[in-house]
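Engineer: One structure, pasted below without further comment.
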Amino acid sequence: MFGFVIRRIGVAIPTILVIITVAFFMMRAAPGGPFDLERPMPEETRQTLLANYGMDQPLWRQYVDYMGDLVQGDLGPSLKLRDKRVSEIIAEGFPVSATIGVFSMALAIVLGSLLGSVAALRQNTAGDFSIMTFAMVGISIPPFVMGPILALVFGLYLGLVPTGGLDPRYGMTPDRLILPIITLALPQIAIIARLMRASMIEVIRSNYIRTARAKGLSATAVIFKHALRSAVLPLVSYLGPASAAVLSGSLVIERVFQLPGIGKHFVDAALQRDYTVVMGVVIIYASLIILLNLLADLLYGVLNPKVKYD
Amino acid sequence: MSLISTPQEKTELLEKAAVKGRSLWDDALARLLRNRAAVASMIVLGLFVFLATIGQLLWVHDYDTIYRDRVWIGPTLENWHLLGTDAQGRDMVARILVGLRVSLMVGVVATIVSLVIGVTWGAMAGFIGGKVDQAMMRVVDILYSLPFIFFVIILMVVFGRNIVLIFVAIGAVEWLTMARIVRGQTLALKGMEFVEAAEAAGVSKTNIIARHIIPNVLGPVVVYVTLMIPVVILAESFLSFLGLGVQEPLTSLGRLISAGAQDMEPAPWTLIGPAVTMMITLFCLNFIGDGLRDAIDPKDR
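So the protein lines, in turn, are chains A and B.
Counting in my numbering, the first sequence runs without a single skipped number right up to 311 at its last residue.
Counting in my numbering, the second sequence runs without a single skipped number right up to 385 at its last residue.
Structural data, given as structure tokens:
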């Protein structure tokens, strides 16, 4: 297992390097620069600014410098938000993004596997049918539709929760985070419920479950001690893609609900050619996704002894 | 055998056999037609496709006509603004029709792009096998774990908002699962007895691929394609929502929803119309995809 982790990290490092390199040169290939978009400034000032940020150097030189700083953990200054380091922007935004991400994932896993199991155990009943209909709704309604609709209904019409983002005086309060978390979790709840239902149905038909029933175990013991453990495996292998989906979903959620997370910065930064902020966010998200994939694979191995990390 | 003497009798018998025989596809079609949700979805979607294609020709308003004196009018029969007007006084029905057309078009074209890449990649890996297969699938594994949406966003920024690029970018991102499915099928089929029998009978490799492999891979591919179109439509709307999709005055459902979300307090109908249209479209596509999967692969219910 130790060897497996080492080998996976051995693959992950070149992968991240490729991501950083591709993102770096793609971003620089975009027409315009961070100092072109505002009203025209005197050429002299522009040159000073460029020189200030080392952007008068040839591109390969900038790349080498950037990578050099990166190795030392320096993501550089933001090119648009004066006097802000990229690391500061990320440090401010990360708690918000992480909070909605973690709670959404937790909600999706708990509710999704619960609904899926119930549907499987009550296959072809009204309960099964309504859960699967709900799942279909969850899959078919994208977060950027669900978000505004929930805000419209619960925020404006019913007045149960405030709309319009976080209140800077209080920071993250549950009443302002609940809608974003639910919106982000819904599609994942739906997908996990469908996965769980399919795998649970397959498991409860298998021979070892029949044996467990035949030897007189109670229904609860059969489900919780025997069935759940195998049924949960497809769900575990979905955790990697799920975390990627939640991370990219947060780009939209943070915009819909005006949350000051890092996803919100990404699109603005890309449009304004704020190279360093774009790179910083890409690096953080790519590393997170790779890390979460690795964790999911390890968890899979723990739950399924058949998997050998040769 | 000796009973059949003349060629005419032979052809007659063959025709009879052809009438009686039910292929897998006939069975699948029969099962699909029994699935009420799928049939209803096909009818609704057919209607949507019809409206998206020629609806603008029939509708009284143009999608880019601006009525300066009719900003944010709620749904009304007056002047036929059945779904109201938007912030610039444009008719919502006309805009939704255009948005639907663009979204459906993106869905189909980008799916074809990903189909071509995915099937080629997967079939090659499956056929060649061995080290090449391992290397090709390793690439897919690594690409799987990347935050692709970020690269698509950067791509849109680099090359500007070009509708052809949207097709290619989304298609190029979504081919991975297709490649996996096709490879798995090809690998399984390669070892099947009927393929070996064909080989032993001296059928050429091209013929084996064309007559035996492709028809058998087709089932899962068709199912996946149907389920992929909604994913692609979502991806395009996602980009449009972030302001990176098609450009004004052209529009897509995602763009309309984005605009509607901003105006939902004074004019909720600008959000509700496109959102409901999109939901129904995705519903139908998902139901048809699920129905097809149940019909083609009944054991996977």
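Using N, Cα and C, we set each Cβ at its ideal position, and we do this for glycine too.
Computed from a predicted structure; not experimentally measured.
Within the stretch 202-253 of chain A, note down every full alpha helix (DSSP H) run reaching 4 residues or more, in order along the chain.
Structural biologist: Listed in chain order, the complete alpha helix (DSSP H) runs (minimum 4 residues) inside the stretch 202-253 of chain A are 208-215 and 229-232.
Engineer: Among all the DSSP beta bridges, which residues are the ones paired with A:R86?
Structural biologist: In the DSSP output, where bridge partners are listed per residue, A:R86 has A:P78.
Engineer: Using 8 Å as the Cβ pair cut-off and three pairs as the minimum, do the stretch 71-83 of chain A and the stretch 147-160 of chain A touch?
Structural biologist: Verdict: no, contact absent.
Engineer: Between B:Q331, B:A272, B:V200 and B:A112, which has its C-alpha nearest B:I247's C-alpha?
Structural biologist: Comparing Cα-Cα distances from B:I247 to each of B:Q331, B:A272, B:V200 and B:A112, the minimum goes to B:Q331.
Engineer: Quick check on A:V257: buried or exposed, where buried means 16 or more other Cβ atoms within 10 Å of its Cβ?
Structural biologist: Answer is buried; the Cβ neighbour count reaches 16.
Engineer: So which residues of chain B does A:M27 contact, with C-beta pairs closer than 9 Å?
Structural biologist: Residues of chain B passing the Cβ test: F235, I238, L239, V241 and V242.
Engineer: Applying a beta-carbon distance threshold of less than 9 Å, which residues of chain B neighbour A:L252?
Structural biologist: Going along chain B in sequence order, the residues near A:L252 (Cβ under 9 Å) are I233, F234, I237, F322 and L326.
Engineer: Around the C-beta of A:Q2, are 16 or more other C-beta atoms found within 10 angstroms, so that it is buried, or is it exposed?
Structural biologist: Correcting the residue identity first, residue 2 of chain A is Met in this sequence and not Gln. A:M2 is exposed by the Cβ-count criterion.
Engineer: What residues in the stretch 349-369 of chain B have a beta carbon less than 7 Å from any beta carbon of chain A?
Structural biologist: The stretch 349-369 of chain B vs chain A, Cβ under 7 Å: E349, P352, L355, A359, M362, M363, L366 and F367.
Engineer: Using a Cβ-Cβ cutoff of less than 6 Å, which residues in the same chain neighbour B:A263 once the five nearest sequence positions on both sides are dropped?
Structural biologist: Closer than 6 Å at Cβ, skipping near neighbours: G202, W205, G206 and V224.
Engineer: Can you pull the chain A residues whose beta carbon is under 8 Å from the beta carbon of B:L318, in chain order?
Structural biologist: Correct list: P143.
Engineer: Could you give the first and the last residue of the continuous alpha helix (DSSP H) run that contains B:M217?
Structural biologist: Reading off the sequence, residue 217 of chain B comes out as Asp, not Met. It spans G214 to Y228 - the alpha helix (DSSP H) in which B:D217 sits, taken as one unbroken run.
Engineer: Where does B:T160 fall in DSSP's three states?
Structural biologist: Of the three classes helix, strand and coil, the one that applies to B:T160 here is coil, per DSSP.
Engineer: Check A:T46 in the structure and name its three-state DSSP category.
Structural biologist: The answer is helix: DSSP assigns A:T46 an H, G or I state.
Engineer: For B:V216, is the classification buried or exposed, using 16 other Cβ atoms within 10 angstroms of its Cβ as the cut-off for buried?
Structural biologist: By the neighbour-count rule (16 or more Cβ atoms within 10 Å), B:V216 is not buried but exposed.
Engineer: Could you tell me which chain A residues have their CB closer than 9 Å to the CB of B:A219, listed as they occur along the chain?
Structural biologist: Residues of chain A passing the Cβ test: none, with the nearest at roughly 13 Å.
Engineer: Ordered along the chain, which non-local residues of its own chain (more than five positions away) have a Cβ less than 8 Å from that of B:V306?
Structural biologist: Counting only Cβ-Cβ distances below 8 Å, and skipping sequence neighbours, we find L376 and I380.
Engineer: Name the DSSP bridge partner or partners of B:D175?
Structural biologist: Its beta-bridge partners are B:T169.
Engineer: Can you grab the Cα-Cα spacing for the pair A:L51 / A:I284, in whole Å?
Structural biologist: The straight-line gap from Cα to Cα measures roughly 24 Å.
Engineer: Mind pulling the chain A residues with CB within less than 8 Å of B:I226?
Structural biologist: Those within 8 Å of B:I226 in chain A are V12 and T16.
Engineer: Would you call the stretch 142-154 of chain A and the stretch 348-365 of chain B touching, i.e. three or more CB-CB distances under 8 Å?
Structural biologist: Taking 8 Å as the limit for Cβ pairs, the verdict is that the stretch 348-365 of chain B does touch the stretch 142-154 of chain A.
Engineer: Can you check whether the C-beta of A:S249 is within less than 8 Å of a C-beta belonging to chain B?
Structural biologist: Yes, A:S249 lies at the interface with chain B (some Cβ there is under 8 Å from its Cβ).
Engineer: Cutting at 8 Å between CB atoms, please list the residues of its own chain near B:L355, excluding the five before and the five after it.
Structural biologist: The residues are I341, G344, A345, D347 and M348.
Engineer: So the alpha helix (DSSP H) B:A285 belongs to, where does it begin and stop?
Structural biologist: Element bounds for B:A285: n/a, residue is neither H nor E.
Engineer: Quick one: what's got a C-beta closer than 6 Å to A:A220's C-beta in the same chain, skipping five residues either side?
Structural biologist: Contacts found: none.
Engineer: Between the beta-carbon of A:I263 and the beta-carbon of A:V282, is there less than 8 Å?
Structural biologist: For A:I263 and A:V282, yes; Cβs fall inside 8 Å.
Engineer: State the start and end residues of the unbroken alpha helix (DSSP H) segment that holds B:I254.
Structural biologist: Counting along the chain, the alpha helix (DSSP H) containing B:I254 begins and ends at I247 to V257.
Engineer: Hey, quick one: how far does the alpha helix (DSSP H) through A:V138 stretch, first residue to last?
Structural biologist: Per DSSP, A:V138 belongs to the alpha helix (DSSP H) from A127 to S141.
Engineer: So which of A:I17, A:E89, A:A271 and A:H266 has the shortest CA-CA distance to A:I291?
Structural biologist: Checked all of A:I17, A:E89, A:A271 and A:H266; the closest Cα to A:I291 is A:I17.
Engineer: Mind the definition here: the stretch 212-231 of chain A touches the stretch 123-137 of chain A only if three or more C-beta pairs lie below 8 Å; say whether that holds.
Structural biologist: No: fewer than three Cβ pairs fall under 8 Å.
Engineer: Let's see if you can read the secondary structure: which residues bound the alpha helix (DSSP H) around A:N305?
Structural biologist: Counting along the chain, A:N305 falls outside any alpha helix (DSSP H), and DSSP gives it neither H nor E.
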